[in-house]
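The structure appears below as structure tokens.
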Amino acid sequence: MQYGLFGNKIARGASDEVKRKREIRRSLAEHCRLTFLAVWVALSG
Numbered sequence: 145m146q147y148g149l150f151g152n153k154i155a156r157g158a159s160d161e162v163k164r165k166r167e168i169r170r171s172l173a174e175h176c177r178l179t180f181l182a183v184w185v186a187l188s189g
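Below you can see the structure in the form of structure tokens.
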């Protein structure tokens, strides 16, 4: 199995894509958590 330069480029692109998706998901989770906290504080307070 020999990928060469082209295969390495594809693999690196895929891992970058995964990293970017993970980053987006983490920031979305953070945003949802902050929104939930704000709503909870507004309702309880």
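Numbering-wise, my numbering comes out as the position in the sequence shown, counting from 1, plus 144.
Note that beta-carbon positions come from the ideal geometry of N, C-alpha and C, so glycine has one too.
Please read these numbers as outputs of a predicted model, since none were measured by experiment.
Just so you know, the alpha carbons of His175 and Gly157 end up roughly 27 Å apart. The beta carbon of Lys165 sits closer than 7 Å to no other beta carbon from its chain once the five residues preceding and following it are set aside. Here the alpha carbons of Ser159 and Leu187 stand approximately 42 Å from one another.
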